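Engineer: Structure provided below as structure tokens; questions to follow.
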Ligand code: NAP
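As structure tokens, this is what we get:
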């Protein structure tokens with residue numbers, strides 16, 4: 103599509119955003135659906151200024167990333183229930199001048215998992231207690247999964263478990279033999295420390311579904327070890343693509359071109 107006077111503006115607000123894969127993914131989706139829209143990356147430190155800019159320019163929507171997912175909430179007209187309960191917004195939608203905040207990380211992570219099986223009644227072990235872990239843990243609890251959290255900093259892990267109505271276990275006490283779903287929601291395994299795994303994999307058997315939300319590299323040391331043990335695995339691009347799919351659908355009301363969005367991300371990661 104050519105850019106003209108009717109082109110709608112979308113973008114990502116965060117700091118840093120120079121390496122964001124979102125512009126490539128959303129622009130590919132806009133193009134495939136023949137929408138007159140463009141998505142740009144805006145690196146900025148001022149959440150209030152970002153929201154004001156969105157109002158002034160009449161932007162159609164935006165993604166919000168670190169470090170603004172929480173502080174942006176104060177400047178919106180409305181925040182949906184899920185985002186309010188998690189305390190983080192990653193999607194802004196402009197509905198006729200009203201700016202509404204959503205959290206698409208929950209839907210993205212749940213769709214990535216539910217593609218491989220159900221969550222209700224499953225014993226889920228999640229490693230991590232940061233922002234991504236909070237969104238994923240919320241989704242697991244909402245779907246009736248039995249959630250056990252472990253984390254390097256035990257105080258943070260305990261606090262998240264309490265907030266989500268989950269249990270906490272120190273890393274050294276974890277028994278992987280009884281786990282149905284194992285999720286790495288930490289940054290352990292990311293470049294440049296690609297040989298690192300977030301916990302000892304002794305006791306892991308093929309009965310466990312293993313998801314890693316790290317997507318750089320695509321096959322982390324955790325996923326590689328899990329596959330060698332015969333586990334079904336879910337890589338970090340699944341959550342990333344599906345959270346963007348939710349954003350696209352919130353912005354446009356159209357079904358997102360999922361395969362194209364996934365292909366675009368894999369191409370950008372140099373592995374397609
Ligand atoms: P965050 O809020 O900073 O949380 C980081 C988590 O990683 C904490 O639990 C932290 O433990 C743990 N951690 C960091 N370094 C560690 C180490 N060396 N050893 C053990 N634990 C360590 O970050 P976040 O926003 O939740 O993001 C976490 C990761 O997920 C990042 O790599 C991010 O890129 C990725 N992510 C992926 C997606 C996706 O769609 N695939 C979405 C969001 C985030 P402590 O509490 O002990 O510090």
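Residue numbers (the numbering used here): 103 to 374. C-beta: ideal position from N, C-alpha, C; glycine also. Please read these numbers as outputs of a predicted model, since none were measured by experiment.
What are the boundary residues of the alpha helix (DSSP H) that includes residue 257?
Structural biologist: Residues 256 to 266.
Engineer: Just to check my reading of the structure: residue 271 and residue 250 have Cβ atoms closer than 8 Å, yes? What is that Cβ distance to the nearest angstrom?
Structural biologist: Confirmed, Cβ separation roughly 6 Å.
Engineer: Taking a contact to mean a Cβ-Cβ separation below 8 Å, would you say residue 287 touches residue 229 in this structure?
Structural biologist: Result yes, Cβ atoms of residue 287 and residue 229 sit closer than 8 Å.
Engineer: For the alpha helix (DSSP H) holding residue 215, just list the boundary residues, first then last.
Structural biologist: Taken as a continuous stretch (DSSP letters only), the alpha helix (DSSP H) holding residue 215 covers 206 to 216.
Engineer: Alpha helix (DSSP H) containing residue 310: first to last residue?
Structural biologist: Counting along the chain, residue 310 falls outside any alpha helix (DSSP H), and DSSP gives it neither H nor E.
Engineer: In this structure, does DSSP put residue 351 in helix, strand or coil?
Structural biologist: Helix.
Engineer: Quick check on residue 154: buried or exposed, where buried means 16 or more other Cβ atoms within 10 Å of its Cβ?
Structural biologist: With fewer than 16 Cβ atoms within 10 Å of its Cβ, residue 154 is classed as exposed.
Engineer: Leaving aside the five residues before and after residue 159 along the sequence, list all residues of the same chain whose C-beta is less than 8 Å from its C-beta, in chain order.
Structural biologist: Excluding positions up to five away in sequence, the list reads 111.
Engineer: At 3 residues or longer, what runs of the beta strand (DSSP E) sit wholly inside the stretch 292 to 345?
Structural biologist: DSSP runs (the beta strand (DSSP E)) wholly in the stretch 292 to 345: 311 to 314.
Engineer: Spatial neighbours of residue 333 within its chain, please: C-beta separation below 6 Å, excluding the five flanking residues on both sides.
Structural biologist: Cβ neighbours of residue 333 beyond the five flanking positions: 308, 310 and 312.
Engineer: Buried or exposed for residue 325, going by 16 or more other Cβ atoms inside 10 Å?
Structural biologist: Residue 325 comes out buried.
Engineer: Whether or not the stretch 135 to 154 and the stretch 360 to 368 are in contact is what I'm after, with contact meaning three or more pairs of Cβ atoms, one per stretch, closer than 8 Å; do they touch?
Structural biologist: They do not touch, by the three-pair rule.
Engineer: With DSSP collapsed to three states, give me the class of residue 367.
Structural biologist: Note: residue 367 maps to helix in three-state DSSP.
Engineer: Just mark residue 171 as buried or exposed, buried being the case when its beta carbon has 16 or more other beta carbons within 10 Å.
Structural biologist: Buried.
Engineer: Could you name the residues of the same chain whose beta carbon sits closer than 6 Å to that of residue 123, not counting the 5 residues immediately before and after it, in chain order?
Structural biologist: Only 367 and 370 meet the Cβ criterion.
Engineer: Give me the residue from 276, 236 and 346 with the minimum Cα distance to residue 262.
Structural biologist: Per the Cα distances, 236.
Engineer: Quick check on the burial criterion: 16 or more other C-beta atoms within 10 angstroms. Buried or exposed for residue 206?
Structural biologist: That one is buried.
Engineer: Count the CB pairs spanning the stretch 316 to 324 and the stretch 287 to 302 that are closer than 8 Å, and state whether there are at least three.
Structural biologist: Because the criterion of three Cβ pairs below 8 Å is met, the stretch 316 to 324 and the stretch 287 to 302 touch.
Engineer: Using a Cβ-Cβ cutoff of less than 8 Å, which residues in the same chain neighbour residue 318 once the five nearest sequence positions on both sides are dropped?
Structural biologist: Answer for residue 318: 292, 293, 338 and 371, listed in chain order.
Engineer: Which term fits residue 190, buried or exposed, when burial requires 16 or more other beta carbons within 10 angstroms of its beta carbon?
Structural biologist: Residue 190 should be labelled buried.
Engineer: What is the DSSP secondary structure of residue 143, reduced to helix, strand or coil?
Structural biologist: Strand at residue 143.
Engineer: Determine the closest residue to residue 181 out of 169, 196 and 168, with distance taken between C-alpha atoms.
Structural biologist: If we check each option's Cα against that of residue 181, 196 comes out closest.
Engineer: Got a sec? Which residues, its chain only, sit under 7 Å from residue 169 by beta carbon, not counting five neighbours each side?
Structural biologist: These residues qualify, in order along the chain: 117.
Engineer: Under 7 Å from any heavy atom of the ligand NAP, does the C-beta of residue 308 make it?
Structural biologist: Checking the Cβ of residue 308 against the ligand NAP gives no.
Engineer: Whole angstroms are fine: how far does the CA of residue 225 sit from the CA of residue 315?
Structural biologist: Straight-line Cα distance between these residues: approximately 18 Å.
Engineer: Output the boundary residues of the alpha helix (DSSP H) element that contains residue 194.
Structural biologist: Here residue 194 belongs to no alpha helix (DSSP H); instead the beta strand (DSSP E) covers 193 to 197.
Engineer: Between residue 210 and residue 246, is the Cβ-Cβ spacing less than 8 Å?
Structural biologist: No.
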